[in-house]
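Heads up: the sequence lines are chains A and B, in that order. Going left to right, the first sequence walks through residues 264 to 488 as this note's numbering numbers them. Going left to right, the second sequence walks through residues 264 to 488 as this note's numbering numbers them. Ideal Cβ positions, reconstructed from N, Cα and C, are used throughout, including at glycine.
There are 2 protein chains.
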Amino acid sequence: MYSGDFSTMPESRPIRDIAYDRLKHAIITGELPAGARIVETAFADQLHISRTPLREALRKLERDGLVEYVLRRGVVVRAFTLADIDEIFTIRNSMMMLLLPSIVERVTKADMNELRIILSEIDVALAESDFDAMAQLNRSFHRKIESLSDKKRILRVIDDQEEYITRFSAVTIASIERRANAHEEHKQMADALERRDLEELKRLFAHHLEESKQTCIAAVKNRGL
Amino acid sequence: MYSGDFSTMPESRPIRDIAYDRLKHAIITGELPAGARIVETAFADQLHISRTPLREALRKLERDGLVEYVLRRGVVVRAFTLADIDEIFTIRNSMMMLLLPSIVERVTKADMNELRIILSEIDVALAESDFDAMAQLNRSFHRKIESLSDKKRILRVIDDQEEYITRFSAVTIASIERRANAHEEHKQMADALERRDLEELKRLFAHHLEESKQTCIAAVKNRGL
DNA sequence: ATTCTGTATATTGTATACAGCTATACGGAA
DNA sequence: TTCCGTATAGCTGTATACAATATACAGAAT
Chain A
264 MYSGDFSTMP ESRPIRDIAY DRLKHAIITG ELPAGARIVE TAFADQLHIS RTPLREALRK
324 LERDGLVEYV LRRGVVVRAF TLADIDEIFT IRNSMMMLLL PSIVERVTKA DMNELRIILS
384 EIDVALAESD FDAMAQLNRS FHRKIESLSD KKRILRVIDD QEEYITRFSA VTIASIERRA
444 NAHEEHKQMA DALERRDLEE LKRLFAHHLE ESKQTCIAAV KNRGL
Chain B
264 MYSGDFSTMP ESRPIRDIAY DRLKHAIITG ELPAGARIVE TAFADQLHIS RTPLREALRK
324 LERDGLVEYV LRRGVVVRAF TLADIDEIFT IRNSMMMLLL PSIVERVTKA DMNELRIILS
384 EIDVALAESD FDAMAQLNRS FHRKIESLSD KKRILRVIDD QEEYITRFSA VTIASIERRA
444 NAHEEHKQMA DALERRDLEE LKRLFAHHLE ESKQTCIAAV KNRGL
């Protein structure tokens, strides 16, 4: 892993962004575990790039809070605690409550169609026990709803936080009863959205996120972070 | 501005961080206005540094959302809208509501003493019409209270947002009635905190931030952003 | 054995060099 | 004059080179 030659690709984006995505993915999936040191020369070699774009990627990750910088010692992947997970879900819930009014106001029939399609795809993934697909679709569902709002900065806060917990989505989905319940909740949320029932939506989202949080925390407690 | 030779300093921190702070300050104060293009070679020369650390600083600012990157054209300072200000205050208020319970729980006598000292210093600044000092002290007051919480991630969200509005604090303080009212509200907040009166604190903070927001928006509307 | 210290090695911090893209200016033709 | 193509200058993207610092390890002194 972390190998591959970028020089052959049609570079529409800077190499630093590709390196950034790659490292971020590795950290989020846990491939690069907490505490792992990122040695510039080693990673630059593996990615077949020079240190310059790699360092720029590291500076971004630093601001993201995914890695920690130590003077003259480089960067290490930061650790997560249960308290972090708790806060992340709390923030997300709180921000969602702020978004919902504008979402209810702005949702269109076309949006609902998109959501229904995603839900039916989750049906399939659930039936086929394709949990990777399900994790991705779940995220699409949430992102679609969030994107209906016009509050760009609030949306960004949610995005920033969500990055951190993507890593745990597999853990959460691994719970049999949770993945079925979550899907049911999603359907209810879509229904409430279609009715533009703000209060019900708030209730559903608060419940949904709380349940996800608890499942996530419980799973992490059992299997270690 | 943007000049100064770092090479003579005892460099306890990397140059890139110094450049980062410098640029951030310039952007926040409006010295570098929205839309201004940051040409790497020019700024590196002015700061008497090479492009490498400057670019790393720019990548951080990019993640902060303070500058915008355009492929092969470098970075430009991002613009702010009234909607941004509205969202920033909304986020801050919402996050504060999440922090207050732990703040009320954790506040000590020593903390209250610190807060009282800050308040008395604001008294002086107010009497002397030293608005720069007042802006800084106000911020210290808020930061002190926020720091009483142990919710690091929520605190960080607040910090991130506050950076953006620091730039408008002068605008807000310029309002005669607002600066006196704000100070009164601060005192009431300190009192409520000392009594560990959570509900009253929530009420006071919500009111305080709402008033600040309205003053800020009104001021920006009048004087332009 | 333990601790200190000097040296070699590894790694980060910064500068510079060079390649490639973009925009602009200029000149010529319609 | 206007349009278009080309040349040129300026700037970004990346690689490489060099400097400074930290770490590891071996050997000496206690």
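Classify Glu-391/A as helix, strand or coil using the three-state DSSP reduction.
-> The count along the first sequence starts at 1 and reaches residue 391/A at position 128. Glu-391/A: coil per DSSP, three-state reduction.
Would you say Asp-374/A and Leu-411/A are within 7 Å of each other, going by their C-beta atoms?
-> Stepping through the first sequence from its first residue, residue 374/A is reached at position 111. Stepping through the first sequence from its first residue, residue 411/A is reached at position 148. Yes, the pair counts as a contact, with Cβ atoms nearer than the cut-off.
By DSSP, does Val-434/A sit in helix, in strand, or in coil?
-> Looking up residue 434/A in the first sequence gives position 171. Val-434/A: helix per DSSP, three-state reduction.
Residues bridged to Arg-300/A by DSSP?
-> The residue given as residue 300/A occupies position 37 in the first sequence. Paired residues: Val-339/A.
Mind listing which residues of the stretch 352–369 of chain B have their C-beta closer than 9 Å to chain A's C-betas, in chain order?
-> Thr-353, Ile-354, Ser-357, Met-358, Met-360, Leu-361
Answer yes if the stretch 307–316 of chain B comes into contact with the stretch 437–448 of chain B, meaning at least three C-beta pairs across the two stretches below 8 Å, and no otherwise.
-> no
Cα-Cα separation between Met-397/A and Leu-324/A, rounded to whole angstroms | On the first sequence, residue 397/A is found 134 positions in, with the first residue counted as 1. On the first sequence, residue 324/A is found 61 positions in, with the first residue counted as 1. About 27 Å.
Could you tell me which uninterrupted alpha helix (DSSP H) segments, each at least 4 residues in length, are contained entirely in the stretch 350–416 of chain B, listed from first to last along the chain?
-> 372–390, 394–410
Closer than 7 Å, CB to CB, is Ile-291/A near chain B or not?
-> For the purposes of this step, residue 291/A is taken as residue 28 along the first sequence, with counting starting at 1. Not one chain B Cβ lies under 7 Å of Ile-291/A.
Nearest chain B C-beta to Ile-281/A closer than 7 Å, yes or no?
-> Here residue 281/A corresponds to residue number 18 of the first sequence, with the count starting at 1. Cβ-Cβ to chain B under 7 Å: no for Ile-281/A.
What does His-350/B touch in chain A if you count any residue whose Cβ is under 7 Å from its own?
-> Residue mapping note: residue 350/B aligns to position 87 of the second sequence, counting from 1. The residue you asked about is not His; residue 350/B is Glu in the sequence shown. Going along chain A in sequence order, the residues near Glu-350/B (Cβ under 7 Å) are Lys-414, Arg-416, Ile-417.
Check whether the Cβ of Glu-319/A lies closer than 7 Å to any Cβ atom in chain B.
-> Residue mapping note: residue 319/A aligns to position 56 of the first sequence, counting from 1. Taking Cβ atoms only, chain B reaches closer than 7 Å to Glu-319/A, which makes this a yes.
Separation of Leu-361/B from Leu-363/A, as counted between CA atoms = Here residue 363/A corresponds to residue number 100 of the first sequence, with the count starting at 1. Here residue 361/B corresponds to residue number 98 of the second sequence, with the count starting at 1. Rounded to whole angstroms, Leu-363/A to Leu-361/B spans 18 Å at the Cα level.
When you compare each of Ala-297/B, Glu-368/B, Arg-336/B, Gly-487/B to Pro-277/A by their alpha carbons, which one comes out closest?
-> By one-based count along the first sequence, residue 277/A stands at place 14. Closest by alpha carbon: Arg-336/B.
Look at the Cβ atom of Ala-453/A, then the Cβ atom of Leu-378/A, and state whether they are nearer than 7 Å.
-> Locating residue 453/A in the first sequence gives position 190, counting from the first residue. Locating residue 378/A in the first sequence gives position 115, counting from the first residue. The answer is yes: Cβ separation under 7 Å.
Starting from the Cα of Ala-437/B, find the closest Cα among Cys-479/B, Ile-291/B, Ile-381/B and give me that residue.
-> Here residue 437/B corresponds to residue number 174 of the second sequence, with the count starting at 1. For the residues Cys-479/B, Ile-291/B, Ile-381/B, the minimum Cα distance to Ala-437/B belongs to Cys-479/B.
Within the 7 Å Cβ cut-off, does Lys-372/B reach chain A?
-> Counting from 1 along the second sequence, the entry for residue 372/B is found at position 109. Not one chain A Cβ lies under 7 Å of Lys-372/B.
Hey, is Leu-310/A close to the ligand ZN, as in C-beta under 6 Å from one of its heavy atoms?
-> Absent from the structure shown: the ligand ZN. Ligands present: none.
Residue-level contact to chain B via CB, Val-420/A, 7 Å cutoff | The count along the first sequence starts at 1 and reaches residue 420/A at position 157. Chain B, which has a Cβ nearer than 7 Å to the Cβ of Val-420/A, makes this yes.
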